[in-house]
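Chains as they are written, first to last, in this note's numbering: chain A, 1 to 490; chain B, 1001 to 1131; chain C, 2001 to 2480.
What follows is a single structure, written as structure tokens, with notes after it.
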Amino acid sequence: MLVTLLLVLLGGGLLCLALDRFRPEAARLVSLLTLVVAALILASLAPLGPASAGPGNAWLAYVQMPWIPRFGISIELGLDGLSFLLLVLTLALGFIAVSASWTEISFRPGLFQANLLWTLAGVVGVFLALDLFLFFVFWEIMLVPMYLLIAVWGHEARAHAAYKFFIFTQVSGLLMLLAILVLAWTARTTGQALSFSYFDLLGQAPTGQLGMAIMLGFFIAFAVKLPAFGVHTWLPDAHTQAPTAGSVLLAGILLKTGAYGLIRFVLPLFPESSLAFAPIALGLGVAGILYGAVLAFAQDDFKRLVAYSSVSHMGFVLLGLYAFNALAQRGAVVQLVAHGISTAALFMMAGALQQRLHTRDMRKMGGLWQQAPRMGACALFFAMASLGLPGLGNFVAEFMVLAGLFAEHPITAALAALGLVTAAIYSLSLIQRAFQGPDNDQAKIDDFGPRELTTMAVMAAALLWLGLYPQPVLDLARIAPPLSLSGLSP
Amino acid sequence: MSSEAALWPFIVYFLAVLALVATMLGLSWLLGQRRANQATNLPFESGVLSVGTPQIHFAVEFYLIAIFFVIFDLETVFIFAWAVAFFELGWEGFLAVGLFIFILTIALIYEWRSGALDWGQKTRTGWKPER
Amino acid sequence: MNSGMWQALSPLLALSGGTVVLMLQIAFHRNPRWSVAITQLSLLLGAGLLLWLWPGSDYQSLLLRVDGYALLLNLLFILAAAVTCWLSPAYIALRSEQSGEFFLLLLLATIGAMILAQAVHVASLLLGLELLGVALYALIAYPDRSLLPLEAAVKYLVLSGAASATLLFGFALAYAGTGQLAFTGLSESLALAGSGAYTLVMAASVMIICGLAFKLSLVPFHMWTPDVYQGAPSPVTGFLATVSKGAVFAVFLRAFLETGAYQFPIILNSLAAIAVASMLVGNLLALRQDNVKRLLAYSSIAHMGYLLIVLLVCSDPANHDLAVEAALFYLVAYTVTTLAAFAVLTWPGYEQYQGPEHTELKHLSGLLWHHPLAGLLMLVAMLSLAGIPLTAGFVGKFYLFSAAVTGPHWLLLGSLVVGSGIGIYYYLRVVYYLLRRDDNHALLPNAGWHESCLAVVLLAAVLGLGIAPQSLIGWIQSIL
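Set out below in structure tokens:
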């Protein structure tokens, strides 16, 4: 089933590519259909009922087949609650990305949809892979279609942004490859074959300096993707220059792969080194929250503002994971989902504005509410979500992270809480500058049509649900005990 | 080690050559007179003034002949080596040299047919301009 | 003279017979089509005989050794020569009055490369090296209507001659020190010679390493590479970059192992220094290149630096097998990828008569949109050179990584990471040009079936080796 899921996405991409020559308009329908099929496959694997939530049944699905026996590499895929949650997010944002690109893309739409699906396939692979080599392959390969999305369909400075994005992630990826290899070689008992399987490597990490070095190799790769403070500079460029669907995927899912890597690999594989490293990680998290927020406030570009707000929000994830507190860690998972949805919505808003106004500069906007009240209302809703309004998903996540963190590191938690205040400042300033104030002599713009309104409504509903009844998500994040989350608690 | 001992004459010879050259150049530099006349930089041709430009185009055939000489003269080196050991090598050696000469013959035929032996205007056999 | 010998030498004899037939054909009936056909047939015959010998052959004479290592590399060289031969006719026909001799030289160079892969003696090493080298000088200078190839050939001739002389002098010193010329003989006398001949042997090693490093264009002997790459006709550059370098590396590795040179720490250290310098300098200099061939030249310097890692790893007997395996896989991957890149660069030459080739980056602008197949091939080749997963280059690089980790050789690993990181930038630059959406007029002729076939084959090879490398790995393991 898991392999089928991957193959469906890959095959759908190929079909789109083939259609590009003859019926480019049909490609987006094919893309949509592919996603529906993939969603159905995923739904068939859904953990239904409380029975499956028991600690004994951690893996909803699992496959293993040999790939490169020379190095003990196999195609090993596994689905647990956390993966399932993130896969749901991935496919949901896939629909949103297709919707966002419905009319935006005029140049080779078939190829665009193909790259979109391939990126999704890569991300799905990342969330499923349990063989570290396979994980690395997916980790790197998902960047290629994403690079193409930015470099071909991006905005004015796309070349620079695409280079930066690719080089940052690739170089950090090389470090991770090195770390994976060193880990596999040190874990190998002499005379035995090499193995890259997650289960074989669990508990095998060397202690001391070498263990710390290997852990850092992984951490840097994931921190770049997250992004953590210091290695985040690719993010504003890439998000700003990508086409709307690309931004949605980048912010919504690709950033989550970094967090997923930390949860799945760094914390369980290197418990001791992670614990020793926690103060630095927490520092990076707090720095990210505050720095991202301050820079977000200073932006004039709509998309750049949202991009920096991502840096700020993802800081909470880092805090949650390295608080070594069950509550905070589960909060971090909720934050992944909530941030994925709210940011995707904001990027879609930016894309819609750019399509209508041909600018992302907020100095040229203003007073848009009169002309497009539905757009304004949507923007307001998601800005509120982003600033952490109680009742919406982001509030639940950030509250859990802060509450958990406060039990362990009160001062850090207090500093991080400043992020909530700053989030309110930049979110409200976004609304104020773009939608309120005097009308800047804009030509008449169209309000949201039914397609966009439906997309927005679905995302809003999801955030509301997450804010009012987050228990299902929390359950899902919990049902992977033996291997992922429970291993984190000291 | 004996190999190093055996090398000593070689090294002494090498150093002697260096010393001799250095002495000759150094002495002429020390003892000789220096002038900067018009004639100083002229090439020394035993008192005869050189005429014309040194960049004369020789016909390429000269080089070809020289190369042929090298190729077909070198073959005698191999054949000579075979002749010295004629009886030890027996028929195998004979066959090997036969093959060697056969290949050389083909090379000769090739050169002949492609006009390498013609003096003057080249005529290439079998070649038609394309397009 | 027994049947085993004839069998083992049959692939070489097949190609040599091919050259004789080709000479006669050119002498009596000059026709490019026939020349190509004879060349391809003798290459096919050679490849067939190699496969027939597979994999049990282990013939050893004083000069040559035909074992699995040599067979695999010979097959690789023959295939690369076949690709070059497939690419060249249309290109050469426009740039030279007659193209028959081109294929003659190509066959000779291939024979030289094959001898190198089999050489176990200084004499056969030199024989192979010179056969390859002399044929290459002429191949580089082959287009008789422009100046750049001529300049490149003269440059290569003079510098390569100097390198060969250095190499020869090194061998002479080694002979003076040990009284041996066969690789294994050298190793025995090295063990016996003790400290007395140490100085001589070290001087010899330095000279031999210099000579071979020149042919591999390792830093600091890399100066010729960009000019020769740029000046040489593209199909020949592809051949030079793959077969010539692969053959020299093959003999380097064999000599290094069989002479026991790895026992001397000073040699290992100097090789490590050369490797690190090549990785860094090659990649850094490639950053500012606007000509794709020059860019590939500098990238090849870096790639040869990566390959040197193998030499340092295999000095430890425990990791010897993994290292040789890595070398073979990397050579195969690199050859396939580089041939793919040069195949794309050759195509513009099909329609353009004179002047420099159209291999500037700007000439590739928008290639993916105008000529999807050529653009895709170039894209995949660049990704493979950069070491992105699911391409042959990635598996090769993974092999190098795992070989170096066994040491662990941290310095080499560090340079490998830094070098690859820098490399990504300039490979991406090419990719970016391929993707540009300007209305550049199409510079390529529309690909006919001839080019399309080759492109599909190369594409399948690069991706196939990346996605399912196990079959080749199994093959390599079975012959070691």
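Heads up, the beta-carbon is just placed ideally off N, CA and C, and yes, glycines get one too.
For this session: Report the partner residues of aspartate 361 of chain A according to the DSSP bridge assignment.
Result: Here residue 361 of chain A refers to the residue found at position 361 of the first sequence. DSSP lists A/Asp301 as partners of aspartate 361 of chain A.
Exercise. Taking the C-alpha atoms as reference points, what is the distance between tryptophan 1112 of chain B and methionine 2378 of chain C?
Worked result: Position 112 of the second sequence holds residue 1112 of chain B. Position 378 of the third sequence holds residue 2378 of chain C. Rounded to the nearest angstrom, the two C-alpha atoms are 44 Å apart.
Exercise. Quick one: Cα of alanine 2460 of chain C to Cα of proline 2469 of chain C, how far?
Worked result: Counting from one through the third sequence, the residue named residue 2460 of chain C turns up at place 460. Counting from one through the third sequence, the residue named residue 2469 of chain C turns up at place 469. Alanine 2460 of chain C and proline 2469 of chain C: Cα-Cα distance of roughly 12 Å.
Exercise. What separation, rounded to the nearest whole angstrom, lies between the Cα atoms of glycine 388 of chain A and phenylalanine 138 of chain A?
Worked result: For the purposes of this step, residue 388 of chain A is taken as the residue at position 388 of the first sequence. For the purposes of this step, residue 138 of chain A is taken as the residue at position 138 of the first sequence. Their Cα atoms are separated by approximately 33 Å.
Exercise. Near alanine 293 of chain A, which residues of its chain fall below 7 Å by C-beta distance, leaving aside the five closest residues on each side in sequence?
Worked result: Here residue 293 of chain A corresponds to residue number 293 of the first sequence, with the count starting at 1. If we look at alanine 293 of chain A and ignore the five residues flanking it on each side, its Cβ neighbours are Ser312, Gly419, Thr422, Ala423 and Tyr426.
For this session: Under 6 Å Cβ to Cβ from histidine 232 of chain A, same chain only, skipping five residues before and after it: list those, please.
Result: Within the first sequence, residue 232 of chain A is the residue found at index 232, counting from 1. The answer, listed in chain order, is Val311.
For this session: Quick one: using the 10 Å Cβ neighbour count with 16 as the cut-off for buried, is leucine 86 of chain A buried or exposed?
Result: For this step, residue 86 of chain A is matched to residue 86 along the first sequence. Answer is buried; the Cβ neighbour count reaches 16.
For this session: In angstroms with no decimal places, state the Cα-to-Cα distance between histidine 2320 of chain C and glutamate 2130 of chain C.
Result: Position 320 of the third sequence, counted from the first residue, corresponds to residue 2320 of chain C. Position 130 of the third sequence, counted from the first residue, corresponds to residue 2130 of chain C. Computed Cα separation, rounded: 29 Å.
Problem set entry | Nonlocal neighbours in the same chain, by C-beta distance under 6 Å from alanine 184 of chain A, ignoring five residues either side | As a working note, residue 184 of chain A is residue 184 in the first sequence. Closer than 6 Å at Cβ, skipping near neighbours: Leu194 and Phe196.
Problem set entry | Beta-carbon contacts of alanine 1107 of chain B that lie in its chain and below 8 Å, excluding the five residues immediately before and after | Counted from its first residue, the second sequence places residue 1107 of chain B at position 107. Closer than 8 Å at Cβ, skipping near neighbours: Ile1071.
Problem set entry | Distance between valine 36 of chain A and alanine 245 of chain A (C-alpha atoms, nearest Å) | Translated into positions along the first sequence, residue 245 of chain A becomes position 245. Translated into positions along the first sequence, residue 36 of chain A becomes position 36. Cα to Cα, alanine 245 of chain A sits roughly 18 Å from valine 36 of chain A.
For this session: Go through its chain and collect everything with a Cβ distance to glutamine 2068 of chain C's Cβ below 7 Å, but skip five positions before and after it.
Result: In the third sequence, residue 2068 of chain C corresponds to position 68, counting from 1. It is worth fixing the name first, because residue 2068 of chain C is glycine in this sequence and not glutamine. Pro2055, Ile2479 and Leu2480.
Problem set entry | Proximal residues of chain C, C-beta to C-beta of proline 504 of chain A below 7 Å | As shown, chain A starts at 1 and ends at 490. That puts residue 504 of chain A outside it, with no answer to give.
Problem set entry | Assigned secondary structure, aspartate 475 of chain A (DSSP; H/G/I helix, E/B strand, else coil) | By 1-based counting over the first sequence, the position of residue 475 of chain A is 475. Aspartate 475 of chain A: helix per DSSP, three-state reduction.
Exercise. When the cut-off is 8 Å and only beta carbons count, does phenylalanine 2401 of chain C lie next to chain A?
Worked result: Position 401 of the third sequence, counted from the first residue, corresponds to residue 2401 of chain C. Yes, phenylalanine 2401 of chain C counts as interfacial toward chain A.
For this session: Check each candidate in C/Val2201, C/Val2154 and C/Glu2188 and name the one with the smallest Cα separation from glycine 2177 of chain C.
Result: Along the third sequence, read from residue 1 onward, the residue named residue 2177 of chain C stands at position 177. Considering only alpha carbons, the answer is C/Val2201.
Exercise. Should alanine 2093 of chain C and serine 2244 of chain C be called a contact, given that it needs their Cβ atoms to be closer than 8 Å?
Worked result: The residue you call residue 2093 of chain C lines up with position 93 of the third sequence. The residue you call residue 2244 of chain C lines up with position 244 of the third sequence. Contact: no.
Exercise. Are the beta-carbon atoms belonging to isoleucine 2038 of chain C and serine 1114 of chain B less than 8 Å from one another?
Worked result: Your numbering for residue 2038 of chain C matches position 38 in the third sequence. Your numbering for residue 1114 of chain B matches position 114 in the second sequence. For isoleucine 2038 of chain C and serine 1114 of chain B, no; Cβs fall outside 8 Å.
For this session: Might you give, ordered along the chain, the residues of its own chain that have their beta carbon closer than 6 Å to the beta carbon of phenylalanine 316 of chain A, omitting 5 neighbours on each side?
Result: By one-based count along the first sequence, residue 316 of chain A stands at place 316. Cβ within range, chain order: Gln335, Glu398 and Val401.
Exercise. Leaving out five residues before and five after alanine 2109 of chain C in sequence, what residues of the same chain have Cβ atoms less than 8 Å from its Cβ?
Worked result: Within the third sequence, numbered from 1, the residue matching residue 2109 of chain C stands at position 109. If we look at alanine 2109 of chain C and ignore the five residues flanking it on each side, its Cβ neighbours are Ala2081, Leu2131, Leu2132, Ala2135, Leu2136, Leu2139, Phe2239, Val2243 and Ser2244.
For this session: Starting from the Cα of alanine 97 of chain A, find the closest Cα among A/Leu2, A/Gln370, A/Ser247 and A/Ala460 and give me that residue.
Result: Start at 1 with the first residue of the first sequence, and residue 97 of chain A comes out as number 97. That would be A/Ser247, whose Cα lies nearest to the Cα of alanine 97 of chain A.
For this session: Can you give me the start and stop residues for the alpha helix (DSSP H) that aspartate 200 of chain A sits inside?
Result: Counting from one through the first sequence, the residue named residue 200 of chain A turns up at place 200. Going by DSSP, aspartate 200 of chain A is part of the alpha helix (DSSP H) stretching over 198–201.
Exercise. Can you tell me whether glutamate 140 of chain A is buried or exposed, with buried defined as 16 or more other CB within 10 angstroms of its CB?
Worked result: Taking the first residue of the first sequence as position 1, residue 140 of chain A is located at position 140. Around the beta carbon of glutamate 140 of chain A, 16 or more other beta carbons lie within 10 angstroms, which makes this residue buried.
Exercise. So is glutamate 1092 of chain B buried or exposed if we call it buried at 16+ other beta carbons inside 10 Å?
Worked result: Translated into positions along the second sequence, residue 1092 of chain B becomes position 92. With fewer than 16 Cβ atoms within 10 Å of its Cβ, glutamate 1092 of chain B is classed as exposed.
Exercise. Straight-line CA distance for histidine 2222 of chain C to arginine 356 of chain A?
Worked result: Position 222 of the third sequence holds residue 2222 of chain C. Position 356 of the first sequence holds residue 356 of chain A. When rounded, the distance between both Cα atoms is 55 Å.
For this session: Could you tell me which residues DSSP puts in a beta bridge with glutamine 2477 of chain C?
Result: Here residue 2477 of chain C is taken as the residue at index 477 of the third sequence, counted from 1. Glutamine 2477 of chain C pairs with nothing; no bridge assigned.
For this session: Kindly say whether isoleucine 2115 of chain C, judged by its beta-carbon, lies nearer than 8 Å to any beta-carbon of chain B.
Result: Taking the first residue of the third sequence as position 1, residue 2115 of chain C is located at position 115. Closer than 8 Å: no.
For this session: For the stretch 203–217 of chain A and the stretch 163–180 of chain A, state whether three or more C-beta atom pairs, one from each stretch, are separated by less than 8 Å.
Result: yes
For this session: Kindly indicate which three-state DSSP category proline 215 of chain A falls into: helix, strand or coil?
Result: Taking the first residue of the first sequence as position 1, residue 215 of chain A is located at position 215. Inspection of the sequence shows that residue 215 of chain A is occupied by methionine rather than by proline. Secondary structure at methionine 215 of chain A: helix, using DSSP grouped into helix, strand and coil.
Problem set entry | Proximal residues of chain C, C-beta to C-beta of phenylalanine 107 of chain A below 7 Å | In the first sequence, counting from the first residue as 1, residue 107 of chain A sits at position 107. Within chain C, the residues near phenylalanine 107 of chain A are Arg2437.
Problem set entry | Outcome for glycine 54 of chain A when other beta-carbon atoms lying within 10 angstroms are tallied against a minimum of 16 | Counted from its first residue, the first sequence places residue 54 of chain A at position 54. Reliability fails at glycine 54 of chain A, whose pLDDT of 42 lies under 50, so the model's placement of it is uncertain and no value is given.
Problem set entry | chain E within 8 Å of glutamine 170 of chain A, Cβ atoms only | Annotation note: the requested chain E is absent from the structure, which comprises protein chains A, B and C.
For this session: Tell whether a beta-carbon distance below 8 Å holds between proline 47 of chain A and glycine 81 of chain A.
Result: Mapped onto the first sequence, residue 47 of chain A falls at position 47. Mapped onto the first sequence, residue 81 of chain A falls at position 81. In contact: proline 47 of chain A and glycine 81 of chain A (Cβ atoms closer than 8 Å).
For this session: Kindly indicate the opening and closing residues of the alpha helix (DSSP H) around glycine 1090 of chain B.
Result: As a first step, residue 1090 of chain B must be located in the second sequence, where it is residue number 90. 1086–1113 is the extent of the alpha helix (DSSP H) around glycine 1090 of chain B.
For this session: Taking only beta carbons into account, state which residues of the stretch 2007–2020 of chain C come closer than 7 Å to chain B, listed in chain order.
Result: Val2020
Problem set entry | Same chain, Cβ closer than 6 Å to leucine 474 of chain A, neighbours up to 5 away in sequence not counted | For this step, residue 474 of chain A is matched to residue 474 along the first sequence. These residues qualify, in order along the chain: Arg330.
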